[in-house]
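Asks: Every number in the working numbering is 430 more than the matching position in the sequence shown, counting from 1.
The C-beta atom is built at its ideal place from N, Cα and C for all residues, glycine as well.
Questions regarding the structure given below will be posed in turn.
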Amino acid sequence: MYPVSEMFQVAIDDNAREYYWSGIITSKFGKPYPFHSNDIVQGTGYIQQANSGDLELGIGSVYAAECGVSLYVKPPNFIPPLHQATIEFFFHLKVATGQYETIPMGQFDISEVNRRQRVVEIKGFDAMIRFDKRMTIKDTFGEPFDLLHTICEKCQVPFGMTKEEVERLPNGKRLLSLYAENDVETYRDYLHYLTQCLAGFATINRQGKLVIKHNGTQSVARLDSSKRFDTSVSDYRTHYTGVSSTNLKTKFSEYYSIEKDVGSTLNLGINPLMQLGLKEQRRIMCEAILSVVSQYEFVPIDTTIIGNPAYEVGDAFEFHFENKWYHSLMTEVYYPIHGRMRIRCVGKNPLYSSAKSKHDKNIIGLLSQIEAEKIMVYSFYNASEYPLSVARIPIIDIDFASVRETDAQFHATILLNAEESFIPGTHIQLTYSIDGIEETKHVPMMTLQPGANVLTVYYPLSGLIENRVYRFKVVAELNKTSSVNIPADGIVASISGQGLAAEKGWDGRIELSDTFIRKRKKGEYLLSIRDQVMIDAVEKEETTASETFERMNTFNNNNLRG
């Protein structure tokens, strides 16, 4: 609820009130055009706000407030072109002292204008629509305050919270990271996921600034039948006792609940800000969100009341119906100018939740099981040439993951070139290893011939356990010091099977290796080996091009200089 004085509250609850509306239209050049109640066409002005959809309470919602008004245009009250203009509304109420107390009703970007004879029809949305801008940042890392402040600067929306206020929110001090491969397209998408981590909803306050709010738990008003008109009340109470969040890596839905799990489940879906890190971190974040939503217990309602412009979405209130008081929330508020105000609260039926949604929260997990039946393929190609020797040379390295207990297969075709200095009787030996454990019983070996050779190998990978990442390596060695090499793209290898996770992009790991031939001399011992690796970023040099034109004759004997 917008903070107002006690005199305002007394005056707004009175059976008779004296008030008026006003506003200001500001052109893109900053010139103001004020208007008053007598400039507004009767029955046309409204402001509408919401923080949830039509069926269920929203966590992480990013709804834009909407306004509409028709104004009389009488000379000299000329209204200029309203492209990129803004409009503000104010409510003025006369209090006991005889003075008027003014509260702002919001700032809106004008999006649509229709002009008729002596009337201009205006429609606008608040600054939330400015976040509908394509997001250029693909991976981010930081605390919620820094991330919110950054996207507000990118979209030119003032941020209305301090760092201390953000840190008091659930997960407000936690470091959040957005991995590069995500489905975030706009800053508004990103704001949704970020707000969801904070267990709240994003809204633009009356000063035009972005804030993150929670639905209230303490009532700001008591509405009996004398303050209501048409009313529709649900016969159930909505309360949440569990949340579910999908782990993108495993594609399974993880469920967290309070001890007495008899209410509805809030499905967070796939939040890209909750995918990196340990499972314990995901649990802590989900339980922090659950600690907020488990406090909500309300009765859905749809009613029209005597207007109070100080009410805001997210406010809690009590209403009297059939000799009993009920607790509810304002998930949608419709402020008419000179008319009855409508408030609405939506919520899920817990009986429906226990009958269906307890199973719905596992649907993604079931779909993941279907995905697990598909055959996944991890492939490997060598980008550079491998010269072979009597030393052990790693030639194949594949990381793969299993999502359930399964078996897989390794296949490879290796092209080898034996040069002119090739020594007859040379053979190649391959050694397999899984997670550093070498296979000693099955060691493929092939005798090479001068010229081109093709080695085809197969190895079964049995007994893979659930949710584990494996590393499969192949090393090659010759029995003689001979001139044999594997050309670039000479290796085509793969690991395939059902129950394997989808192949991900490069994880940032760089592995370097080198080999040397052991030399032994009597009385000499190798004490240590030292080496140094230098890492440097290669900056792309900028190139410029220029060209000078001399005076030349063009058509009609005109001169051109350049």
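From the DSSP secondary-structure annotation, give me the bridge partner or partners of GLN537.
Replies: Working through the sequence shown from its first residue, we reach residue 537 at position 107. Looking at the DSSP assignment, GLN537 forms a beta bridge with GLU518.
Asks: From the DSSP output, in three-state form, read off ILE793 for me.
Replies: Locating residue 793 in the sequence shown gives position 363, where the first residue counts as 1. Note that ILE793 scores a pLDDT of 46, beneath 50, so its modelled location is shaky; the value from the coordinates is reported in the next line. The answer is helix: DSSP assigns ILE793 an H, G or I state.
Asks: Let's test the definition: count the other Cβ atoms within 10 Å of the Cβ of LYS458 and tell me whether it reaches 16, buried, or not, exposed.
Replies: By 1-based counting over the sequence shown, the position of residue 458 is 28. Per the 10 Å Cβ criterion, exposed.
Asks: What did DSSP end up calling VAL596 once you bin it into helix, strand or coil?
Replies: On the sequence shown, residue 596 is found 166 positions in, with the first residue counted as 1. Correct three-state label for VAL596: helix.
Asks: Under the criterion of a Cβ to heavy atom distance below 6 Å, does ASP443 qualify as lining the ligand SAH?
Replies: The model on display carries no ligand, and the ligand SAH is accordingly not part of it.
Asks: May I have the straight-line CA-CA distance separating VAL922 from SER809, to the nearest angstrom?
Replies: Looking up residue 922 in the sequence shown gives position 492. Looking up residue 809 in the sequence shown gives position 379. Looking at the two C-alpha atoms, the distance is approximately 7 Å.
Asks: Among the candidates ALA740, MET437 and ARG774, whose CA atom is the shortest distance from the CA of PHE728?
Replies: Within the sequence shown, residue 728 is the residue found at index 298, counting from 1. Among ALA740, MET437 and ARG774, the Cα nearest to that of PHE728 is on ARG774.
Asks: I'd like the list of long-range same chain contacts for GLU748, defined as Cβ closer than 8 Å, with 5 residues on each side in sequence excluded.
Replies: Indexing the sequence shown from 1 puts residue 748 at position 318. Taken in chain order, the residues that qualify are SER649, ALA651, ARG652, LEU653, TRP755, TYR756, HIS757 and SER758.
Asks: Starting from the C-beta of LEU577, find all residues in its chain whose C-beta is less than 7 Å away, skip the five residues before and the five after it, and write them out in chain order.
Replies: On the sequence shown, residue 577 is found 147 positions in, with the first residue counted as 1. Here the set comprises THR570, LEU606 and LEU624.
Asks: Kindly indicate which three-state DSSP category PRO890 falls into: helix, strand or coil?
Replies: Counted from its first residue, the sequence shown places residue 890 at position 460. Residue state, collapsed to three classes: strand.
Asks: Can you have a look at ILE867 and say buried or exposed, based on whether 16 or more other CB atoms are within 10 angstroms of its CB?
Replies: In the sequence shown, counting from the first residue as 1, residue 867 sits at position 437. So ILE867 ends up on the exposed side.
Asks: With a cut-off of 8 Å on the beta carbons, I'd call HIS644 and VAL492 a contact; round off their distance for me.
Replies: Mapped onto the sequence shown, residue 644 falls at position 214. Mapped onto the sequence shown, residue 492 falls at position 62. 15 Å between Cβ atoms; not a contact.
Asks: Since I believe TYR765 is in contact with ILE477 (beta carbons under 8 Å), could you give me their beta-carbon distance rounded to a whole number of angstroms?
Replies: Stepping through the sequence shown from its first residue, residue 477 is reached at position 47. Stepping through the sequence shown from its first residue, residue 765 is reached at position 335. At roughly 4 Å, the Cβ-Cβ gap stays under 8 Å, so ILE477 and TYR765 are in contact.
Asks: What residues in its chain sit with their C-beta under 8 Å from that of ILE965, if we drop five residues either side in the sequence?
Replies: Walking along the sequence shown from the start, residue 965 turns up at place 535. Cβ within range, chain order: n/a, list empty.
Asks: ASN445: buried (16+ other C-beta within 10 angstroms of its C-beta) or exposed?
Replies: Indexing the sequence shown from 1 puts residue 445 at position 15. That one is exposed.
Asks: Please state whether DSSP places SER819 in a helix, a strand or coil.
Replies: By 1-based counting over the sequence shown, the position of residue 819 is 389. DSSP, read as helix, strand or coil, puts SER819 in coil.
Asks: For ASP619, which of helix, strand or coil comes out of DSSP?
Replies: Working through the sequence shown from its first residue, we reach residue 619 at position 189. DSSP places ASP619 within a helical segment (H, G or I) once states are collapsed to three.
Asks: Could you tell me whether any Cβ in chain D is nearer than 7 Å to the Cβ of LEU523?
Replies: No chain D is part of this structure, which consists of one protein chain only.
Asks: Locate the beta strand (DSSP E) running through ILE455, then write down its first and last residues.
Replies: Within the sequence shown, residue 455 is the residue found at index 25, counting from 1. 449 to 456 is the span of the beta strand (DSSP E), which, as asked, contains ILE455.
Asks: If you run the structure through DSSP and keep just helix, strand and coil, what is ILE965?
Replies: Position 535 of the sequence shown, counting from 1, holds the residue named residue 965. Coil, per DSSP.
Asks: What would DSSP say about ALA848, mapped onto helix, strand or coil?
Replies: Residue mapping note: residue 848 aligns to position 418 of the sequence shown, counting from 1. Of the three classes helix, strand and coil, the one that applies to ALA848 here is strand, per DSSP.
Asks: Would you kindly work out how many angstroms separate the C-alpha atoms of ALA441 and HIS768, rounded to a whole number?
Replies: Within the sequence shown, residue 441 is the residue found at index 11, counting from 1. Within the sequence shown, residue 768 is the residue found at index 338, counting from 1. Roughly 16 Å separates the two Cα atoms.
Asks: With respect to the beta strand (DSSP E) encompassing SER649, which residues constitute its N-terminal and C-terminal limits?
Replies: What you label residue 649 is simply residue 219 of the sequence shown in a count that begins at 1. Unbroken beta strand (DSSP E) run through SER649: 649 to 653.
Asks: Specify whether the region 624 to 640 and the region 595 to 605 touch according to this definition: at least 3 beta carbon pairs, one from each stretch, less than 8 Å apart.
Replies: yes
Asks: Just the Cα atoms here: how many angstroms apart are ARG770 and VAL503?
Replies: Here residue 770 corresponds to residue number 340 of the sequence shown, with the count starting at 1. Here residue 503 corresponds to residue number 73 of the sequence shown, with the count starting at 1. In a straight line, the C-alpha of ARG770 is about 26 Å away from that of VAL503.
Asks: State buried or exposed for ALA931, treating a residue as buried only when at least 16 other CB atoms are found within 10 Å of its CB.
Replies: For the purposes of this step, residue 931 is identified with residue 501 of the sequence shown, where counting begins at 1. By the 10 Å Cβ count, ALA931 comes out buried.
Asks: Please say whether GLU436 and SER500 have beta carbons closer to each other than 7 Å?
Replies: Position 70 of the sequence shown, counted from the first residue, corresponds to residue 500. Position 6 of the sequence shown, counted from the first residue, corresponds to residue 436. Not in contact: SER500 and GLU436 (Cβ atoms no closer than 7 Å).
Asks: If you follow the beta strand (DSSP E) that ALA629 is part of, which residue opens it and which one closes it?
Replies: One-based indexing of the sequence shown puts residue 629 at position 199. First-last for ALA629: undefined, no H or E at that position.
Asks: Hey, could you find the ends of the alpha helix (DSSP H) LYS709 is sitting in?
Replies: On the sequence shown, position 279 is the one that residue 709 refers to. Note, LYS709: alpha helix (DSSP H), 709 to 723.
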